[in-house]
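Beneath this line is the structure, given in structure tokens, with notes to follow.
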Amino acid sequence: MLYATFNNGLAYEFVPGVTLDENTVKDPAIFPLVAAMLARFHAIPVGTEKKPILWTKLRKYLSLIPSFYTQPKKRTRFEELFPNGRQSLENEINYLQKSLEDVDDLKTVFCHNDLLLSNIIHSDGKVHFIDYEYADCNYQAFDIGNHFTEFAGVNNIDFSRIPDKDFQVRWLKLYLNELRVCTGDKTEITPEEVDCLYEKVNKFILVGHIFWITWALVQAEISELDFDFIEYASLKMGDYYSRKPAILP
511 MLYATFNNGL AYEFVPGVTL DENTVKDPAI FPLVAAMLAR FHAIPVGTEK
561 KPILWTKLRK YLSLIPSFYT QPKKRTRFEE LFPNGRQSLE NEINYLQKSL
611 EDVDDLKTVF CHNDLLLSNI IHSDGKVHFI DYEYADCNYQ AFDIGNHFTE
661 FAGVNNIDFS RIPDKDFQVR WLKLYLNELR VCTGDKTEIT PEEVDCLYEK
711 VNKFILVGHI FWITWALVQA EISELDFDFI EYASLKMGDY YSRKPAILP
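This is the structure:
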């Protein structure tokens with residue numbers, strides 16, 4: 511339950527339970543709960559005039575990346591990673607946006623937008639989502655793809671943990687089934703529908719990488735957390751380039 515909102519945050523009730531980790535997120539007793547919960551989340555009405563915040567937010571983060579990092583070590587690592595500075599990222603953003611303009615039927619829904627494992631709490635056969643800081647209208651496939659990417663973890667990232675097609679298809683079938691329950695859609699789920707959503711989700715895995723790379727490069731300058739944001743961006747950039755040829759040749 512949400513208790514209050516204010517200029518730079520919100521207050522909601524304590525949710526007892528255990529946050530998911532790289533193993534429990536694939537547990538056959540748990541991942542169907544996550545798929546169903548996200549479907550219910552996406553079924554929240556948003557109106558027909560709502561637009562995805564993705565590209566606006568992404569370009570905002572891009573504009574906030576410092577042209578000059580105050581710490582010399584960070585400055586050197588950024589220049590090694592992006593010899594052309596922000597222009598390298600802007601080129602990728604433009605490419606992704608143009609590529610996705612031709613994708614049919616990209617659904618806009620109410621998204622969590624930050625469904626990393628520590629934002630999912632499991633307790634008594636149920637899951638709860640927390641931390642709605644980034645929640646807004648966005649592409650359905652972005653929210654799902656972003657969640658799949660988070661299987662890799664944060665502190666000890668291993669992108670081989672991103673689920674393979676077999677797991678994703680099973681997850682998506684559960685998701686689509688619950689979405690039909692929520693919307694009252696009585697039609698059968700077809701293999702073509704599942705494959706279509708799978709392809710969209712994996713395209714948005716690429717976009718999600720770029721989104722959090724730009725975010726991390728901003729945080730590298732302003733955050734007081736003891737976390738290597740430049741290294742985080744570097745690892746995600748490596749996986750982005752590894753996946754890109756097969757997904758968007």
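Those letters in the sequence shown? Residues 511 to 759, by our numbering.
Cβ coordinates follow ideal geometry from the N, Cα and C atoms, glycine included.
Note that the structure is predicted; figures quoted are calculated from it, not measured.
Beta-bridge annotation (DSSP): serine 633 is paired with Lys636. One alpha carbon belongs to valine 525, the other to serine 628, and they sit about 12 Å apart. Leaving aside the five residues that flank arginine 550 on each side, the residues in its chain whose CB is nearer than 7 Å to its CB run, in chain order, Glu688 and Cys692.
Looking at the DSSP output, cysteine 621 shares a beta bridge with Asp646.
The secondary-structure analysis by DSSP pairs alanine 521 across a beta bridge with Ala514. In this structure, the alpha-carbon of threonine 697 lies about 13 Å from that of lysine 683. Nearest to alanine 546 by alpha-carbon distance, out of Arg680, Leu758, Phe592 and Val556, is Arg680.
The beta carbon of tryptophan 725 sits closer than 8 Å to the beta carbons of Tyr571 from its chain, once the five residues preceding and following it are set aside; these are given in chain order. A residue is called buried once 16 or more other Cβ atoms fall within 10 Å of its Cβ, and alanine 514, having fewer, is exposed.
When the beta-carbon positions are compared, leucine 591 and serine 744 come within less than 8 Å of each other.
The Cβ atoms of alanine 662 and aspartate 653 do not sit closer than 8 Å to each other. By the 16-neighbour rule on beta-carbons within 10 angstroms, aspartate 674 is exposed. In this structure, the alpha-carbon of lysine 746 lies about 10 Å from that of isoleucine 740. For asparagine 666, no alpha helix (DSSP H) encloses it, and the DSSP letter there is neither H nor E. Threonine 580: not part of any alpha helix (DSSP H); DSSP gives it neither H nor E. Counting only runs of at least 4 residues, the stretch 693-757 fully encloses the following alpha helix (DSSP H) elements, listed from N- to C-terminal order: 701-732 and 739-757. Following the DSSP letters along the chain, one finds proline 542 inside the alpha helix (DSSP H) bounded by residues 541-552.
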